[in-house]
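Single-structure report; data block below.
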Amino acid sequence: MTATTPTTAAQQFALRRHTPLRRVQHLLHAHPAISPFLVLVISFVVFSTLNPRFASPNSLSLVLQQVAVIGALAVGQTLIILTAGIDLSVGAIVILAMMLSAKLAEGQGLPGLLAIVLAIAVGAEAGALNGALVTRLKLPPFIVTLGTLSVFTALGLLYSGGQSVQATDLPAVLSWTGESFPVGRFRITFGVVAVLVLYLAVGYALAKTAWGRHVYAVGDDKEAARLAGIRVDRVLLSVYLVAGAIYGVTAWILIGRAGAASPNAITDANLESITAVVIGGTSLFGGRGAVLGTLLGALIVGFFRSGLSLAGVDDQYRVLAVGLLVILAVAVDQWIRKVRS
Numbered sequence: 001m002t003a004t005t006p007t008t009a010a011q012q013f014a015l016r017r018h019t020p021l022r023r024v025q026h027l028l029h030a031h032p033a034i035s036p037f038l039v040l041v042i043s044f045v046v047f048s049t050l051n052p053r054f055a056s057p058n059s060l061s062l063v064l065q066q067v068a069v070i071g072a073l074a075v076g077q078t079l080i081i082l083t084a085g086i087d088l089s090v091g092a093i094v095i096l097a098m099m100l101s102a103k104l105a106e107g108q109g110l111p112g113l114l115a116i117v118l119a120i121a122v123g124a125e126a127g128a129l130n131g132a133l134v135t136r137l138k139l140p141p142f143i144v145t146l147g148t149l150s151v152f153t154a155l156g157l158l159y160s161g162g163q164s165v166q167a168t169d170l171p172a173v174l175s176w177t178g179e180s181f182p183v184g185r186f187r188i189t190f191g192v193v194a195v196l197v198l199y200l201a202v203g204y205a206l207a208k209t210a211w212g213r214h215v216y217a218v219g220d221d222k223e224a225a226r227l228a229g230i231r232v233d234r235v236l237l238s239v240y241l242v243a244g245a246i247y248g249v250t251a252w253i254l255i256g257r258a259g260a261a262s263p264n265a266i267t268d269a270n271l272e273s274i275t276a277v278v279i280g281g282t283s284l285f286g287g288r289g290a291v292l293g294t295l296l297g298a299l300i301v302g303f304f305r306s307g308l309s310l311a312g313v314d315d316q317y318r319v320l321a322v323g324l325l326v327i328l329a330v331a332v333d334q335w336i337r338k339v340r341s
């Protein structure tokens, strides 16, 4: 009887590495956007089957318009989560930037374009404050943004007096993002176009510039990045500043979408932006993800809400479905991260 040669540990590891499940794991680790893309396709097929109206141009156009604001916020949130941080103040920054620019345009006669620039500047300054507290005082991003959430919310309410400003009382350019134009059988707002431009610009910066590589390196391992010569604090500060500027652009998009500047708008913006990022495949532990996945994540949330509504499902079950999606996305992320071990 011929004795078989014992399999070495290295051979066993190689065998495990090349199993179909391992190959899937490595594929998802290398391309985080695959998972949300598959979920988006499956949800489109399922909801179109349940109610053919879901696939109509009118319904899909409405979904795009509905996810525009959260999709824009999620771009900035993605940058911060890529560095292993989190921003709970996104909605408050948008409200502060929106109310300040709207009130100045309405009460002080500020030109519309200058009001937009001011909103972006206010957002950038608020983001820079978050970044300074994280980098200079070495405070956890969760605690910092939890505190500034209250600070920025209070400032927005105090400045506006809790009063809304209707778009009809503002320069036309401030509500321009809410205007739509036909694209075939679809109607797309200029706000949706602005969101797509944000995704293209940030996606290019992350994939093609040294700054983008530094963002991923810092999120993956801050100490290793520092030893490699990357100025970690400067990268983190720049990320929070850029994210804040994006929130300022979102304030402009929100005025067009809502038809007014209201201090009570987007009350769930913080959680919804995080939801889009997580479902989109960006790791909460930093260093892995892409804005393409975030865009798909925002669309998935929009698809679920619209599809379940057209299917006659109660609103509370729609919230439940999105919550389960988040848990599933985090579980998949944990599994994918084990590819390193």
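Sequential numbering of the sequence shown, starting at 1, is according to UniProt numbering. A virtual CB, placed ideally from N, CA and C, is assigned to each residue, including glycine.
Short of 7 Å in beta carbon distance, which residues of its chain neighbour residue 260, apart from the five on each side in sequence? Order them along the chain.
Taking the sequence shown and counting its residues from 1, the one referred to as residue 260 is at position 260. Hits under 7 Å: 164, 165, 166 and 167.
With burial defined as no fewer than 16 other Cβ atoms inside 10 Å of the residue's Cβ, what is the status of residue 323: buried or exposed?
As a working mapping, residue 323 is identified with position 323 in the sequence shown. By the 10 Å Cβ count, residue 323 comes out exposed.
Give me the residue from 38, 89 and 56 with the minimum Cα distance to residue 272.
Stepping through the sequence shown from its first residue, residue 272 is reached at position 272. Cα-wise, what sits closest to residue 272 is 89.
Quick check: residue 189 and residue 178, are their CB atoms within less than 7 Å of each other?
As a position in the sequence shown, residue 189 is number 189, starting the count at 1. As a position in the sequence shown, residue 178 is number 178, starting the count at 1. Yes, they are a contact pair.
For residue 330, which residues in the same chain have their Cβ closer than 8 Å to its Cβ, ignoring the five residues on either side in sequence?
In the sequence shown, counting from the first residue as 1, residue 330 sits at position 330. For residue 330, where only same-chain residues beyond five positions count, the Cβ hits under 8 Å are 278 and 284.
Label residue 228 either buried or exposed according to how many other C-beta atoms from any shown protein chain fall within 10 Å of its C-beta, with 16 as the threshold for buried.
Walking along the sequence shown from the start, residue 228 turns up at place 228. Residue 228 is exposed by the Cβ-count criterion.
Considering only the beta carbon of each residue, do residue 310 and residue 51 sit closer than 7 Å?
Walking along the sequence shown from the start, residue 310 turns up at place 310. Walking along the sequence shown from the start, residue 51 turns up at place 51. Taking 7 Å as the Cβ cut-off, residue 310 and residue 51 qualify as a contacting pair.
Does the Cβ of residue 61 have 16 or more other Cβ atoms within 10 Å, making it buried, or fewer, making it exposed?
Locating residue 61 in the sequence shown gives position 61, where the first residue counts as 1. Residue 61 comes out buried.
Going by CA-CA distance only, name the one from 95, 327, 26 and 44 that's closest to residue 346.
Nothing about residue 346 can be reported from this structure: the residues present for the chain run from 1 to 341 only.
Do residue 83 and residue 193 have their C-beta atoms within less than 7 Å of each other?
Stepping through the sequence shown from its first residue, residue 83 is reached at position 83. Stepping through the sequence shown from its first residue, residue 193 is reached at position 193. No, these two residues do not count as a Cβ contact at 7 Å.
Can you name, in chain order, every residue of its own chain whose Cβ lies under 6 Å from the Cβ of residue 118, other than the five neighbours on each side?
Reading the sequence shown from its first residue, position 118 is the one you call residue 118. If we look at residue 118 and ignore the five residues flanking it on each side, its Cβ neighbours are 101.
What does residue 166 pair with, by DSSP beta-bridge criteria?
Translated into the one-based positions of the sequence shown, residue 166 becomes position 166. According to DSSP, residue 166 bridges with 260.
Tell me, which residues are paired with residue 188 by DSSP?
For the purposes of this step, residue 188 is taken as residue 188 along the sequence shown, with counting starting at 1. Note: residue 188 sits in a beta bridge opposite 181.
When the Cα of residue 81 is compared with those of 304, 220 and 325, which residue comes out closest?
Against the sequence shown, residue 81 aligns to sequence position 81. Cα-wise, what sits closest to residue 81 is 220.
Between the segment 146-156 and the segment 236-254, are three or more C-beta pairs nearer than 8 Å?
Verdict: no, contact absent.
Under 7 Å, do residue 33 and residue 281 count as touching if we go by C-beta distance?
To locate residue 33, count along the sequence shown from 1; it is residue 33. To locate residue 281, count along the sequence shown from 1; it is residue 281. Yes, they are a contact pair.
Short of 7 Å in beta carbon distance, which residues of its chain neighbour residue 110, apart from the five on each side in sequence? Order them along the chain.
As a position in the sequence shown, residue 110 is number 110, starting the count at 1. So the qualifying residues of the chain are 104.
If you run the structure through DSSP and keep just helix, strand and coil, what is residue 5?
Taking the first residue of the sequence shown as position 1, residue 5 is located at position 5. The predicted model places residue 5 with a pLDDT of 48, which falls under 50 and marks its position as unreliable; any figure quoted below should be read in that light. It is coil, neither helix nor strand.
Specify, as a first and last residue, the run of the alpha helix (DSSP H) that residue 304 falls within.
Translated into the one-based positions of the sequence shown, residue 304 becomes position 304. Residue 304 -> alpha helix (DSSP H) spans 291-310.
Distance, Cα to Cα, residue 239 vs residue 215?
Position 239 of the sequence shown, counting from 1, holds the residue named residue 239. Position 215 of the sequence shown, counting from 1, holds the residue named residue 215. In a straight line, the C-alpha of residue 239 is about 8 Å away from that of residue 215.
Compare the beta carbon distance of residue 276 and residue 298 with 7 Å and say whether it is the shorter of the two.
Within the sequence shown, numbered from 1, the residue matching residue 276 stands at position 276. Within the sequence shown, numbered from 1, the residue matching residue 298 stands at position 298. Their beta carbons are under 7 Å apart, which means residue 276 touches residue 298 by this criterion.
Please work out which residues of its chain come closer than 6 Å, Cβ to Cβ, to residue 127, disregarding the five sequence neighbours upstream and downstream, and give them in chain order.
On the sequence shown, position 127 is the one that residue 127 refers to. Correct list, in chain order: 240, 241, 243 and 244.
Using the beta-carbon count (16 or more within 10 Å), is residue 71 buried or exposed?
Locating residue 71 in the sequence shown gives position 71, where the first residue counts as 1. Residue 71 is buried by the Cβ-count criterion.
How big is the Cα-Cα spacing for residue 122 and residue 129?
What you label residue 122 is simply residue 122 of the sequence shown in a count that begins at 1. What you label residue 129 is simply residue 129 of the sequence shown in a count that begins at 1. Looking at the two C-alpha atoms, the distance is approximately 11 Å.
Using DSSP with H/G/I as helix, E/B as strand and the rest coil, what is residue 221?
Taking the sequence shown and counting its residues from 1, the one referred to as residue 221 is at position 221. Looking at residue 221 - three-state DSSP - the assignment turns out to be coil, as it is neither helix nor strand.
Does DSSP put residue 286 in a helix, in a strand, or in coil?
Residue mapping note: residue 286 aligns to position 286 of the sequence shown, counting from 1. DSSP places residue 286 in coil when its eight states are reduced to three.
Pick from 253, 26 and 316: whose alpha carbon is nearest that of residue 335?
Numbered from its first residue, the sequence shown carries residue 335 at position 335. Answer by Cα proximity: 26.
Using 7 Å as the threshold, is the C-beta distance between residue 287 and residue 36 below it?
Reading the sequence shown from its first residue, position 287 is the one you call residue 287. Reading the sequence shown from its first residue, position 36 is the one you call residue 36. The answer is no: Cβ separation not under 7 Å.
Taking 7 Å as the limit between beta carbons, can you name the residues of its chain near residue 66, skipping five residues before and five after?
Locating residue 66 in the sequence shown gives position 66, counting from the first residue. Here the set comprises 302.
Taking only the alpha-carbon atoms, compute the straight-line gap between residue 252 and residue 200 and give it to the nearest angstrom.
One-based indexing of the sequence shown puts residue 252 at position 252. One-based indexing of the sequence shown puts residue 200 at position 200. Those two C-alpha atoms are separated by around 18 Å.
Does residue 158 pass the burial test, meaning 16 or more other C-beta atoms within 10 Å, or should it be called exposed?
Numbered from 1 along the sequence shown, position 158 holds the residue referred to as residue 158. Label assigned to residue 158: exposed.
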